[in-house]
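*Asks:* Have a look at the structure that comes next, please.
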Amino acid sequence: MKIGLVGFAGSGKTTVFNTMTGLHVPAGFGGEVRLGAVRVPDERIDKLSAIFSPKKTTWAEMSFCDVPGEHGAEKKGLSAKGLQQIRDQEALCLVLRDFDNPAIEGTPDPAGDLEAFHVECCFADLEIVERRIDRLKKERKDLAELASFEKMKEALESDRPLRLIPPEELDRAHLKGYGLLTDRALLVALNRDEGRAREPMPAALAARLGQLGAAGMVLSAAVEAEIAALEPADQAAFLADLGVSEAALARFIRTAYGLLDLISFFTVGPDEVRAWTIRRGTRARQAAGRIHSDLERGFIRAEVIPYEVFMAHGSEHAVKEAGLLQIEGKDYVVADGDILHVRFNV
Ligand SMILES: Nc1nc2c(ncn2[C@@H]2O[C@H](COP(=O)(O)OP(=O)(O)OP(=O)(O)O)[C@@H](O)[C@H]2O)c(=O)[nH]1
Ligand SMILES: [Mg+2]
């Protein structure tokens, strides 16, 4: 999963990037696009790894991309270059400034910034959608695609992001390659001064996020970046002082997994214990394809042990003895925490 940190100049994107990755990229004006990957903490993997003592343990990964803000523009706005950098991301984390930044005029206006960003993205998408409609009308070929684009036009003109159109109403195969911004999952990080880190998101802002199909979290990036750089054992006391229960990265991951409806399944063995991330609802055969395309192609069956069942019995052998090994076919819907062993033949 690749998440782009986006937003207006000086909102704290680079500081949020440092908070999430534990890196020390200098904050301040501009800079370049930067990438940083983090391990998705999962106690279940820690425990499975302790049992199997594999040669290798692999946690799920999430990567962050820090997209630099644009300075010197007279008003808020995103240039063509800025928009392109945002289009390249899989999911968006919009950082909203809710602290006084001496380098930027005007008091913080996170709700206004959210609207400005939303409107810019709608306009940018509408331009692409209209151009495609003109083209399709001239060519008079693909009526299904034209219908999809008309549907999108209608949504955008009434200020609705494309992500709100349910899958049964829009064939997203038509959207591939267009980089439509409002179809990206959106997670909003309200970035505050440390004194206000424990205040909840204002109700009106939370309601607006709901309307936009977005999720939100509050953080105080400047101080949380410092905390993230400490030894894990030392972090808890500082987080408690700040009034939050867990690290910003853990909060972010929980919010993102919820928003994107992601779950993890595991593979285990003496070589590797590993977490894999999939969307809830993914079937066994497609899940096997995450591991390797051969496993999807030659899929025969999956042997499944739910994590809790495994831990209750302590070994695969004991699970089998107890008659609890599940033998599942290609259409089995993989559940969070399933330990999968795929039988295949190519
Ligand atoms: N008080 C306070 N200051 C912050 C917070 N987050 C960032 N800052 C400060 O705001 C300034 C800008 O932060 P950056 O992280 O560079 O912001 P940015 O969005 O990456 O900026 P550009 O990439 O130039 O658009 C820096 O001086 C940060 O130290 C915060 O939560 N509280
Ligand atoms: Mg920056």
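Just so you know, we're using this note's numbering here: the sequence shown kicks off at 50 and counts up by one. In this text, a Cβ means the ideal position worked out from N, Cα and C, and glycines have one as well.
#1: Counting by C-beta, which residues lie closer than 7 angstroms to a heavy atom of ligand 2, in chain order?
#2: Across the region 105-115 and the region 315-324, are there enough close Cβ pairs to call them in contact, namely three or more that are closer than 8 angstroms?
#3: Looking at the secondary structure, which residues open and close the alpha helix (DSSP H) in which Thr396 lies?
#4: Output yes if chain C places a C-beta closer than 8 angstroms to the C-beta of Thr304; else output no.
#5: Could you tell me the boundaries of the beta strand (DSSP E) in which Gly53 lies?
#6: Based on DSSP bridge pairs, tell me the residues matched to Trp325.
#7: If I'm right that Leu175 touches Leu205 with Cβ under 8 angstroms, what's the distance once you round it to whole angstroms?
#8: In terms of alpha-carbon separation, which member of Gln335, Ser364, Val368, His366 lies closest to Val391?
#9: Pair every Cβ in the region 257-270 with every Cβ in the region 291-308, then say whether three or more of these pairs are closer than 8 angstroms.
#10: Report yes or no: do the region 61-81 and the region 166-181 share at least 3 C-beta pairs separated by less than 8 angstroms?
#11: Relative to the alpha-carbon of Asp147, which residue among Gly155, Pro159, Asp137 has its alpha-carbon at the smallest distance?
#12: Can you tell me the Cα-Cα spacing of Glu81 and Cys114, whole angstroms?
#13: For a test of the three-state rule: what should DSSP assign to Phe166, helix, strand or coil?
#14: From this set, Asp387, Arg328, Lys379, which residue's C-alpha is nearest Ile349's C-alpha?
#15: Less than 8 angstroms separating the beta-carbons of Leu311 and Val353?
#16: Please name the residue, chosen from Tyr356, Gly363, Asn394, that lies closest to Leu343 on a Cα-to-Cα basis.
#17: Do Cys142 and Leu213 have their C-beta atoms within less than 8 angstroms of each other?
#18: Could you pull out every unbroken alpha helix (DSSP H) segment of at least 4 residues lying fully inside the region 222-297, listed in chain order?
#19: Do Arg209 and Phe198 have their C-beta atoms closer together than 8 angstroms?
#20: Quick one: is the Cβ of Asp91 within less than 7 angstroms of any heavy atom of ligand 1?
#21: Measure the C-alpha to C-alpha separation of Glu217 and Glu345 and round it to an integer number of angstroms.
*Replies:* Reading it off the structure:
#1: Lys62, Thr63, Ala76, Gly79, Gly80, Asp115, Pro117, Gly118
#2: yes
#3: Coverage of the chain is limited to positions 50 through 395, which leaves residue 396 absent and any answer about it impossible.
#4: You won't find chain C in this structure, because it holds only one protein chain.
#5: 51-55
#6: Phe314
#7: 4 angstroms
#8: Gln335
#9: yes
#10: no
#11: Pro159
#12: 10 angstroms
#13: helix
#14: Lys379
#15: no
#16: Here the sequence assigns Asp to residue 343, which means Leu is not the residue at that position. Answer by Cα proximity: Asn394.
#17: no
#18: 252-260, 270-277, 281-291
#19: no
#20: no
#21: 25 angstroms
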